[in-house]
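Undergrad:
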Amino acid sequence: MVSNQLRAAANVTLPERSPAQLIVDVQSANLTGVSGTVVEKAALGLPTLPERLGGDGSSQLNSLISGSHTLRVWYSGPDKTRVALLGAVGESDIIRNGNEAWIWSSTGNTATHLTVKDTPGVMHPGLGASAGVLPSMSSVPMTPQQAASAALAVLGQTTRVSTEPGTRVAGRSAYVLSIAPKDTNSLIDRVRVAIDGAKHVPTQVEVFAKGHPNEAAFSIGFSQVDFSRPNADRFAFTPPAGAKVDDQTVDPAHAFDQVAKPPTAVIGSGWTSVLATRLPKDLNPAAPGAGAGAQSGKGLGLDMVLNTLPQVSGAWGHGRLLQSRLFSVLFTDDGRVLAGAVSGDRLQAAAADPAAALR
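For any residue, its number in the working numbering is found by taking its place in the sequence shown, counting from 1, and adding 2.
(1) Distance check for S68 and F220, CA to CA, integer angstroms please.
(2) For R54, collect the residues of the same chain with a Cβ closer than 7 Å to its Cβ; drop the 5 residues on either side in sequence, then sort them by chain order.
(3) Using CA coordinates, which residue listed in P242, E18, A152 and V331 is at the minimum distance from Q29?
(4) Leaving out five residues before and five after L360 in sequence, what residues of the same chain have Cβ atoms less than 7 Å from its Cβ?
(5) For V124, name the three-state secondary structure that DSSP assigns.
(6) Identify which residue in T334, E208, S180 and D198 has its Cα closest to the Cα of E42.
(7) Any chance the stretch 157-168 sits against the stretch 183-201, with 3 or more Cβ pairs inside 8 Å?
(8) When you compare each of S78, V227 and T240 to G38 by their alpha carbons, which one comes out closest?
(9) Could you say if the stretch 234-244 and the stretch 192-209 meet the contact criterion of at least three C-beta pairs nearer than 8 Å?
(10) Measure the Cβ-Cβ separation of I222 and A149 and say whether it is below 7 Å.
(11) By the three-class DSSP mapping on this structure, what secondary structure does L87 have?
(12) Are R322 and F333 closer than 7 Å when you measure CB to CB?
(13) Would a C-beta distance cut-off of 7 Å place V118 and V252 closer than the cut-off?
(14) Quick check on W273: does DSSP put it in helix, strand or coil?
(15) Per DSSP, which one or two residues make a beta bridge with T251?
(16) What residues in its chain sit with their C-beta under 8 Å from that of A358, if we drop five residues either side in the sequence?
(17) Please state the DSSP three-state secondary structure of S345.
(18) Tell me whether G168 is buried or exposed, calling it buried when 16 or more other Cβ atoms sit within 10 Å of its Cβ.
(19) What does DSSP give as the partner residue(s) for H71 in the beta ladder?
(20) Residues in its own chain within less than 8 Å of G244 by CB, not counting five upstream and five downstream?
(21) Whose C-beta lies closer than 7 Å to the C-beta of S175 among residues of the same chain, with five residues either side of it excluded?
(22) Quick check: D191 and P215, are their CB atoms within less than 7 Å of each other?
(23) Report all residues from its chain with a CB closer than 6 Å to the CB of G100; omit the five preceding and five following residues, and keep chain order.
(24) Who are the Cβ neighbours of Q147 in its own chain at under 6 Å, not counting the five residues just before and after it?
(25) Can you check DSSP and say which residues form a bridge with R98?
(26) Distance check for V344 and G193, CA to CA, integer angstroms please.
(27) Count the other C-beta atoms from every protein chain shown that fall within 10 angstroms of the C-beta of D143, then say buried if there are 16 or more, exposed otherwise.
(28) Who are the Cβ neighbours of G35 in its own chain at under 7 Å, not counting the five residues just before and after it?
(29) Could you pull the start and end residues of the alpha helix (DSSP H) that Q23 belongs to?
(30) Apply the 10 Å Cβ neighbour rule to G56 and answer buried if 16 or more other Cβ atoms are within range, or exposed otherwise.
(31) What number of angstroms, rounded off, separates the C-alpha of T83 from the C-alpha of T145?
(32) When burial is assigned at 16 or more other CB atoms within 10 Å of the CB, is G89 buried or exposed?
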């Protein structure tokens, strides 16, 4: 289905801007405040997840990989942010307010309260796509700005950049920047970024899969937006009576001292590169002596999901393959994980590369 917002292109009149000018506009935009309603849709061709594993209509933050979801966002600088995922029967919030952060789930009436120590010479990260010592609860972008940052990060010799007719997002005129891989082996056809004509910030991102040029496999954008700075009380949070609260203190200078860094390798380059790494032992159901985390998938039912995937094998070994419209993931029996925006066959070829052995 063609985006309704893009059908409104004929109603948009904006001064002409080149792709290079739009990129500079985004990079130099000064966003001091924004709030609004964000709609995220994922039609990746994955199996439908049940509610308890984060399916359509869930308020669990891991549910963003499937179905349609509504979020409310507030931003008043990198140290004052709030994202609320609204589900059919609950709500999950991530709140950053200075050196404090809250992660709240109304369904379980649970909260995690993080306090970041003031450490001289160490900057406190914002709560964004790369949240540093403050956790991002989902690898899926939760705002159009996060999605656009990821798309713009791939600009280079392997990328074709152009403009498309303007559109309207949340009732506002917007430019459209199109980003596409030159390598036809990528599963991604193009990424379309809507950029507000007045504020020069991304307000919608759509990702189209090869073979589906008119139906976004993933989209996230504002349905309503206000660029004034939200009131400070939006970032204050007090858990309700009876809530189970886990208080934690994080020292940015030592946050990763005890974190095991798995071996990683990148096979190939550009849009068809493949990332190879190893699952932690407690998340690998096939690992000898794997703990309870492997059976529960840290709450995601990883073993249950893996058992539904088709088995594959080759010179690289044996494993299970997940394929979607935009990416493929190979889980090998020896604990490796390979992922990329390529077909399952190309992923298995990458698994046979000596660099993917991770020795």
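Even for Gly, the Cβ is constructed at its ideal location relative to N, Cα and C. Because the structure is a prediction, the values reported are computed rather than measured.
TA: Let me spell this out:
(1) 9 Å
(2) Its pLDDT being 47, under 50, R54 is placed unreliably by the model, and nothing is read from it.
(3) A152
(4) P265, A267, A278, R280 and R338
(5) In this prediction, V124 scores a pLDDT of 40, lower than 50, which makes its location untrustworthy; the coordinate-derived value is nonetheless stated afterwards. Coil.
(6) E208
(7) yes
(8) V227
(9) no
(10) yes
(11) strand
(12) yes
(13) yes
(14) helix
(15) T117
(16) A267, I269, V276, A278, W318, R338, L340 and A352
(17) coil
(18) buried
(19) E42
(20) N111
(21) V14, L16, G168 and G199
(22) yes
(23) D81
(24) P204
(25) T83 and A103
(26) It should be noted that the sequence gives Val, not Gly, for residue 193. Each residue's Cα considered, the two are about 16 Å apart.
(27) It should be pointed out that residue 143 corresponds to Pro in this sequence rather than to Asp. Result: buried.
(28) Y77, S78, F229, S230, R231 and P232
(29) P21 to S30
(30) Reliability of the predicted coordinates at G56 is poor, the pLDDT of 47 falling under 50, and the value obtained from them is presented with this limitation in mind. Burial call: buried.
(31) 11 Å
(32) buried
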